[in-house]
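Chemist: The sequence shown begins at 15 in the working numbering and counts up one residue at a time.
Glycine is no exception: its CB is placed at the ideal position from the N, C-alpha and C atoms.
Sharing a structure with you now.
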Amino acid sequence: MPEPVLLPGGGWRLWRHFALRGPGFPVTGVLRLAPPGLAEAADRLGAGAEPAGADWQSFESAFADAAVETARELQTIAGRPDFRAAVAWQNRAVLHTGIAPFLSWTPSAAGRTSMPRQREELVAHYWQRFCVKNDTIGFFGPVGWATLDPELRGVELDPGTGLISRSEVFFSSWSIDELARTLDRDPGLRPWLAPRRLPYLRIGEAQVGLPGRPPQPVSELERQVLLRCDGVRPARDIQRELADRAVPRQVEEVLDQLVRRRWIVWRLEVPATAHPERHLRETLERVGDPAVREPALAGLAVLERGRDRVQAAGTDAEELVAALAALEADFARLTQAPAQREKGARTAPNRSLVYADCRRSATARVGSAVLEALTPLELCLTASRWMTDRFAEVVGARITEAYRRLCARHGTVDLGSLWFECLPAPHSRSIADIDAIQAEMRERWAAVIAAPEGVRRVERASADIAEQVHKAFGEPGTGWSLSRYASPDVMLIAEDLPAVERGEFSLVLGELHLAMNTLGASLFVTQHPDREELVAETTADFPGPRLVPMLPKELPLIRWSARSRPALDRPQDYYVALVDHTADPRRPRTVRCADVVVEERAGRLVAELPDGAVFDLLDVFCHAMTNRVMDRFRIRPDADHSPRVTVDKMVISRETWRFAAGQLPFATEKSEAKRFVRARQWRAGAELPRHVFVVSPAEPRPFYVDFDSPVYVNILAKAIRRLAARDPWARLTVSEMLPTPEQAWLTDDLGNRYTSELRFVAVDRSKVPGGAG
Numbered sequence: 015m016p017e018p019v020l021l022p023g024g025g026w027r028l029w030r031h032f033a034l035r036g037p038g039f040p041v042t043g044v045l046r047l048a049p050p051g052l053a054e055a056a057d058r059l060g061a062g063a064e065p066a067g068a069d070w071q072s073f074e075s076a077f078a079d080a081a082v083e084t085a086r087e088l089q090t091i092a093g094r095p096d097f098r099a100a101v102a103w104q105n106r107a108v109l110h111t112g113i114a115p116f117l118s119w120t121p122s123a124a125g126r127t128s129m130p131r132q133r134e135e136l137v138a139h140y141w142q143r144f145c146v147k148n149d150t151i152g153f154f155g156p157v158g159w160a161t162l163d164p165e166l167r168g169v170e171l172d173p174g175t176g177l178i179s180r181s182e183v184f185f186s187s188w189s190i191d192e193l194a195r196t197l198d199r200d201p202g203l204r205p206w207l208a209p210r211r212l213p214y215l216r217i218g219e220a221q222v223g224l225p226g227r228p229p230q231p232v233s234e235l236e237r238q239v240l241l242r243c244d245g246v247r248p249a250r251d252i253q254r255e256l257a258d259r260a261v262p263r264q265v266e267e268v269l270d271q272l273v274r275r276r277w278i279v280w281r282l283e284v285p286a287t288a289h290p291e292r293h294l295r296e297t298l299e300r301v302g303d304p305a306v307r308e309p310a311l312a313g314l315a316v317l318e319r320g321r322d323r324v325q326a327a328g329t330d331a332e333e334l335v336a337a338l339a340a341l342e343a344d345f346a347r348l349t350q351a352p353a354q355r356e357k358g359a360r361t362a363p364n365r366s367l368v369y370a371d372c373r374r375s376a377t378a379r380v381g382s383a384v385l386e387a388l389t390p391l392e393l394c395l396t397a398s399r400w401m402t403d404r405f406a407e408v409v410g411a412r413i414t415e416a417y418r419r420l421c422a423r424h425g426t427v428d429l430g431s432l433w434f435e436c437l438p439a440p441h442s443r444s445i446a447d448i449d450a451i452q453a454e455m456r457e458r459w460a461a462v463i464a465a466p467e468g469v470r471r472v473e474r475a476s477a478d479i480a481e482q483v484h485k486a487f488g489e490p491g492t493g494w495s496l497s498r499y500a501s502p503d504v505m506l507i508a509e510d511l512p513a514v515e516r517g518e519f520s521l522v523l524g525e526l527h528l529a530m531n532t533l534g535a536s537l538f539v540t541q542h543p544d545r546e547e548l549v550a551e552t553t554a555d556f557p558g559p560r561l562v563p564m565l566p567k568e569l570p571l572i573r574w575s576a577r578s579r580p581a582l583d584r585p586q587d588y589y590v591a592l593v594d595h596t597a598d599p600r601r602p603r604t605v606r607c608a609d610v611v612v613e614e615r616a617g618r619l620v621a622e623l624p625d626g627a628v629f630d631l632l633d634v635f636c637h638a639m640t641n642r643v644m645d646r647f648r649i650r651p652d653a654d655h656s657p658r659v660t661v662d663k664m665v666i667s668r669e670t671w672r673f674a675a676g677q678l679p680f681a682t683e684k685s686e687a688k689r690f691v692r693a694r695q696w697r698a699g700a701e702l703p704r705h706v707f708v709v710s711p712a713e714p715r716p717f718y719v720d721f722d723s724p725v726y727v728n729i730l731a732k733a734i735r736r737l738a739a740r741d742p743w744a745r746l747t748v749s750e751m752l753p754t755p756e757q758a759w760l761t762d763d764l765g766n767r768y769t770s771e772l773r774f775v776a777v778d779r780s781k782v783p784g785g786a787g
């Protein structure tokens with residue numbers, strides 16, 4: 015590795031490689047939906063009085079004409095093959111139920127009845143996401159890459175050729191799991207499958223232990239079978255190894271009985287991986303019976319060919335729709351299962367059979383000017399470390415209490431028993447704990463910033479507040495392995511890139527993801543030009559082995575799926591199965607929680623693995639703890655108004671407002687023209703900027719609003735009505751859009767501008783790297 019790149023204070027290292035995130039459609043797209051001059055005309059009508067008279071009639075006529083022109087513009091957008099391809103990936107049915115009838119409609123003032131207006135809003139809603147949201151999904155949210163180069167002063171951008179340099183279509187893990195379940199119905203496959211005992215099952219001399227249950231007696235034959243159920247030995251090999259103790263039929267009966275008792279699983283399993291079909295193919299190719307193997311491989315090949323057709327379709331909307339439909343038909347025929355999963359609380363993000371991830375052609379190099387301006391980020395990271403350290407201290411104490419209870423009952427404690435004792439992980443009281451810690455962090459930040467009441471802008475110098483930050487958040491702590499990481503999103507505001515070299519720029523801190531390295535997720539790793547470079551960055555952080563808990567394949571409540579699973583594992587790292595067993599059992603250094611001993615040594619809990627390797631126990635709880643803190647960094651309390659806070663050249667908190675949905679009467683105005691005028695009057699009275707993002711408890715994700723655009727005002731009004739119907743006092747949050755659309759600097763080879771953010775990885779240098787002791 016070259017010399018480390020450090021933040022100005024020296025306490026945090028930045029990975030040289032970072033993500034350049036941005037959408038796949040130019041930001042100017044949303045500006046096309048703001049009719050020229052209409053907002054100014056609305057503002058000239060004055061405030062307070064009921065619109066009437068000649069001026070109002072003139073405005074109504076202009077509004078109707080502008081609405082028709084906007085509808086035509088939306089039809090132009092909806093007719094774009096790349097837009098329809100993007101919608102096909104999101105919700106293919108919408109193309110038939112919403113987009114197609116909208117394109118066949120002839121816009122007119124009289125014809126803009128309820129249904130056409132709904133379809134206008136449908137297109138505009140997708141369009142704002144594709145143009146201004148820095149998502150990472152498919153070709154309309156490609157993964158871009160950039161590097162830090164302290165030898166460079168400003169920012170250099172290589173737009174590459176076209177928008178996308180690489181695209182790949184992946185199977186969702188659930189789709190291959192469903193095929194595996196179908197193939198598993200063939201009884202001829204069973205002898206070739208490797209039974210696997212549950213990871214928390216403990217095998218004694220004459221009994222079996224399960225967490226929270228009394229020991230269960232086992233016969234010697236059952237014990238010998240259980241010892242061989244390692245997920246690697248096929249059932250036929252177990253039968254052969256025990257031939258001197260029992261005939262094959264007896265061993266099969268024991269296996270069946272162990273399945274019924276839920277001590278083992280004996281089925282065709284596919285580990286969590288970006289390419290589950292490859293592992294399934296490898297497993298099937300090990301089947302020695304051609305009569306069983308070949309039909310199973312043929313079924314898999316059908317889906318693989320369907321996936322390849324989807325990939326070949328690219329952004330050809332018609333061919334993409336046909337390819338997706340054909341793949342779903344083949345899947346339904348092979349598995350007799352639905353090819354689309356219903357959206358719901360128990361469904362992870364990937365509801366379709368396949369998904370696409372792409373790499374952006376544009377790359378960038380970021381130099382010392384930006385690095386020097388990141389000083390305020392280090393102050394924020396100091397506070398984030400305080401939060402994670404305090405959380406580790408509180409949760410660690412609660413886990414220790416659970417450990418001591420188990421010790422008092424049983425004398426010794428295995429990891430499986432402790433894990434179950436602490437459920438829901440990391441502890442049943444962990445949400446209340448982090449709520450209290452977050453509230454305290456906000457109070458301390460408020461004292462540091464000391465914003466006067468009622469102001470809209472607060473400016474501080476890092477040199478002036480550094481001592482206060484250190485005093486408020488500098489208490490030493492230990493944290494856990496992942497808490498060494500933070501993944502901040504930083505946005506660049508500059509007239510153009512030469513302005514950065516001149517120092518004429520500013521930065522905006524977006525989300526600060528705590529205790530996690532988001533670039534280690536599969537969706538990023540699979541799109542990096544050289545995975546080994548990211549592995550090398552990881553090894554610089556953790557020179558020794560890590561203890562990595564196995565995660566379930568999906569966790570719907572936190573939108574966890576195969577795309578977001580950690581993918582920077584190394585051969586020297588250990589995997590430990592807790593409840594789910596989602597790694598390849600053939601992988602070396604893969605252990606079960608029942609085989610891990612937990613002990614208290616020198617005042618801390620440690621986990622000792624079967625080979626003698628020792629890790630801090632919190633490493634086992636690392637993902638569960640990160641899940642509690644990852645989105646908790648906020649420097650301001652939830653108030654009706656929070657000012658923009660700028661430290662040096664970095665905005666560390668955007669200006670925000672909170673409004674009760676039932677207190678916004680413009681949203682219920684029936685006339686579109688009056689609604690637009692009154693929304694602008696409300697916006698002026700609240701001193702909101704033109705471009706904002708809105709978060710509503712009734713909406714699945716934040717959305718963009720341009721108050722110069724009637725269609726986006728309509729979308730806002732509808733969201734307000736939905737929220738008010740649920741609870742009139744429920745609040746929606748409005749945040750200034752910063753940078754604004756006019757401040758985009760990321761371009762493609764045609765000069766189109768895109769919104770963007772830099773997703774860094776910061777590593778705490780004050781912490782001792784985790785690893786085997």
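Does DSSP put Leu-393 in a helix, in a strand, or in coil?
Modeler: One-based indexing of the sequence shown puts residue 393 at position 379. Three-state result, Leu-393: helix.
Chemist: Using 8 Å as the Cβ pair cut-off and three pairs as the minimum, do the stretch 675-690 and the stretch 106-116 touch?
Modeler: no
Chemist: Go ahead and label Ala-359 buried or exposed: buried means 16 or more other beta carbons lie within 10 angstroms of its beta carbon, across all protein chains shown.
Modeler: Taking the first residue of the sequence shown as position 1, residue 359 is located at position 345. Bear in mind that a pLDDT of 45 at Ala-359, under 50, signals an unreliable position, so the model cannot answer this.
Chemist: In this structure, how does DSSP classify Ala-160 when only helix, strand and coil are distinguished?
Modeler: Taking the sequence shown and counting its residues from 1, the one referred to as residue 160 is at position 146. Under the three-state reduction of DSSP output, Ala-160 falls in the strand class.
Chemist: Quick check: what's the CA-CA separation for Pro-22 versus Leu-385?
Modeler: Translated into positions along the sequence shown, residue 22 becomes position 8. Translated into positions along the sequence shown, residue 385 becomes position 371. Looking at the two C-alpha atoms, the distance is approximately 7 Å.
Chemist: Which ranges does the alpha helix (DSSP H) cover as unbroken runs of at least 4 residues, wholly within the stretch 222-261, from first to last along the chain?
Modeler: 234-242 and 249-255
Chemist: Looking only at C-alpha atoms, which of Leu-20, Asp-149, Phe-39 and Val-82 sits nearest to Ala-33?
Modeler: Here residue 33 corresponds to residue number 19 of the sequence shown, with the count starting at 1. With distances taken between Cα atoms, Ala-33 lies closest to Asp-149.
Chemist: With H, G and I counted as helix, E and B as strand and the rest as coil, what does DSSP make of Ala-359?
Modeler: Here residue 359 refers to the residue found at position 345 when the sequence shown is read from its first residue. Any reading at Ala-359 needs caution, since the residue's pLDDT is 45, under 50, leaving its predicted position unreliable; the model's value is listed next. Note: Ala-359 maps to coil in three-state DSSP.
Chemist: Which of the three DSSP states is assigned to His-655 in this structure?
Modeler: Locating residue 655 in the sequence shown gives position 641, counting from the first residue. Strand at His-655.
Chemist: When DSSP labels each residue in this structure, what does Phe-405 get in the three-state scheme?
Modeler: Along the sequence shown, one-based indexing puts residue 405 at 391. In the structure shown, Phe-405 sits in a helix (DSSP, three-state: H, G or I).
Chemist: DSSP three-state call for Pro-173: helix, strand or coil?
Modeler: Here residue 173 refers to the residue found at position 159 when the sequence shown is read from its first residue. Of the three classes helix, strand and coil, the one that applies to Pro-173 here is coil, per DSSP.
Chemist: Since Trp-141 and Ile-91 are thought to touch, with beta carbons under 8 Å apart, how far apart are those beta carbons, to the nearest angstrom?
Modeler: Here residue 141 corresponds to residue number 127 of the sequence shown, with the count starting at 1. Here residue 91 corresponds to residue number 77 of the sequence shown, with the count starting at 1. 6 Å between Cβ atoms; contact.
Chemist: Mind checking which residues open and close the beta strand (DSSP E) that includes Trp-494?
Modeler: Here residue 494 is taken as the residue at index 480 of the sequence shown, counted from 1. Where Trp-494 is concerned, there is no enclosing beta strand (DSSP E), given that its DSSP letter is neither H nor E.
Chemist: For Pro-225, which of Ala-99, Glu-299, Phe-185 and Glu-435 has the nearest alpha-carbon?
Modeler: Residue 225 sits at position 211 when you count from the first residue of the sequence shown. Pro-225 has its Cα closest to that of Glu-435, out of Ala-99, Glu-299, Phe-185 and Glu-435.
Chemist: With Ala-7 and Leu-45 assumed to form a contact (beta carbons below 8 Å), what rounded beta-carbon distance in angstroms separates them?
Modeler: Because the chain here runs from 15 to 787, residue 7 falls outside it and cannot be looked at.
Chemist: Using a Cβ-Cβ cut-off of 6 Å (strictly less than) and excluding sequence neighbours within five positions of Ser-656, which residues of its own chain qualify?
Modeler: Reading the sequence shown from its first residue, position 642 is the one you call residue 656. Correct list, in chain order: Arg-650 and Thr-670.
Chemist: Identify whether His-705 lies in helix, strand or coil by the three-state DSSP scheme.
Modeler: Taking the sequence shown and counting its residues from 1, one reaches residue 705 at position 691. Strand at His-705.
Chemist: Is Ala-383 near Val-562, with beta carbons less than 7 Å apart?
Modeler: Against the sequence shown, residue 383 aligns to sequence position 369. Against the sequence shown, residue 562 aligns to sequence position 548. Taking 7 Å as the Cβ cut-off, Ala-383 and Val-562 do not qualify as a contacting pair.
Chemist: Could you compute how far the alpha carbon of Tyr-589 sits from the alpha carbon of Leu-632?
Modeler: As a working note, residue 589 is residue 575 in the sequence shown. As a working note, residue 632 is residue 618 in the sequence shown. Approximately 14 Å, taken between the alpha carbons.
Chemist: I believe Met-564 touches His-595 by the beta-carbon criterion, under 8 Å. Please report the beta-carbon distance rounded to the nearest angstrom.
Modeler: As a first step, residue 564 must be located in the sequence shown, where it is residue number 550. As a first step, residue 595 must be located in the sequence shown, where it is residue number 581. Sure, about 6 Å apart at Cβ, within 8 Å.
Chemist: Around the C-beta of Leu-760, are 16 or more other C-beta atoms found within 10 angstroms, so that it is buried, or is it exposed?
Modeler: To locate residue 760, count along the sequence shown from 1; it is residue 746. Classification of Leu-760: buried, given that the 10 Å Cβ count is 16 or more.
Chemist: Does the pairing of the stretch 290-301 with the stretch 257-270 give three or more beta-carbon distances under 8 Å?
Modeler: Segment contact: the stretch 290-301 against the stretch 257-270, fewer than three CB-CB distances shorter than 8 Å; contact not assigned.
Chemist: Please classify Met-129 as buried or exposed, where buried requires at least 16 other C-beta atoms within 10 Å of its C-beta.
Modeler: Taking the first residue of the sequence shown as position 1, residue 129 is located at position 115. Result: exposed.
Chemist: What would DSSP say about Leu-730, mapped onto helix, strand or coil?
Modeler: Residue mapping note: residue 730 aligns to position 716 of the sequence shown, counting from 1. Three-state result, Leu-730: helix.
Chemist: Does the Cβ of Lys-567 lie closer than 6 Å to at least one heavy atom of the ligand ZN?
Modeler: In the structure shown, the ligand ZN is absent, as is every other ligand, since no ligand is present at all.
Chemist: With three or more beta-carbon pairs closer than 8 Å as the criterion, would you say the stretch 484-491 touches the stretch 370-379?
Modeler: no
Chemist: Indicate the three-state DSSP secondary structure (helix, strand or coil) for Trp-26 in the structure shown.
Modeler: On the sequence shown, position 12 is the one that residue 26 refers to. Strand.
Chemist: Quick one, which of Arg-419, Pro-390, Gln-71 and Cys-372 has its alpha-carbon nearest Leu-59's?
Modeler: Translated into positions along the sequence shown, residue 59 becomes position 45. The candidate whose alpha carbon is nearest that of Leu-59 is Gln-71.
Chemist: The beta strand (DSSP E) spanning Thr-377 covers which residue range?
Modeler: One-based indexing of the sequence shown puts residue 377 at position 363. From DSSP, the beta strand (DSSP E) with Thr-377 extends over 368-380.
Chemist: On the criterion of 16 or more Cβ atoms from any shown chain inside 10 Å, does Ala-85 qualify as buried, or is it exposed?
Modeler: Locating residue 85 in the sequence shown gives position 71, counting from the first residue. Burial call: buried.
Chemist: When the distance is taken between beta carbons, is Leu-528 closer than 7 Å to Val-643?
Modeler: Counting from 1 along the sequence shown, the entry for residue 643 is found at position 629. Counting from 1 along the sequence shown, the entry for residue 528 is found at position 514. Going by C-beta atoms, Val-643 is nearer than 7 Å to Leu-528.
Chemist: Just to confirm, is the Cβ distance from Val-634 to Ala-616 under 7 Å?
Modeler: Indexing the sequence shown from 1 puts residue 634 at position 620. Indexing the sequence shown from 1 puts residue 616 at position 602. No.
Chemist: Which partner residues of Val-628 appear in the DSSP bridge assignment?
Modeler: Counted from its first residue, the sequence shown places residue 628 at position 614. Glu-622.
Chemist: Round the Cβ separation of Arg-35 and Arg-773 to the nearest angstrom and send it over; I've been treating them as touching at under 8 Å.
Modeler: Mapped onto the sequence shown, residue 35 falls at position 21. Mapped onto the sequence shown, residue 773 falls at position 759. Arg-35 to Arg-773, Cβ: 5 Å. Contact.
Chemist: Report, in whole angstroms, the separation of the C-beta atoms of Val-159 and Ala-776, which I expect to be a contact under 8 Å.
Modeler: Along the sequence shown, read from residue 1 onward, the residue named residue 159 stands at position 145. Along the sequence shown, read from residue 1 onward, the residue named residue 776 stands at position 762. According to the sequence shown, residue 159 is Trp rather than Val. Incorrect: roughly 17 Å between the Cβ atoms, too far for contact.
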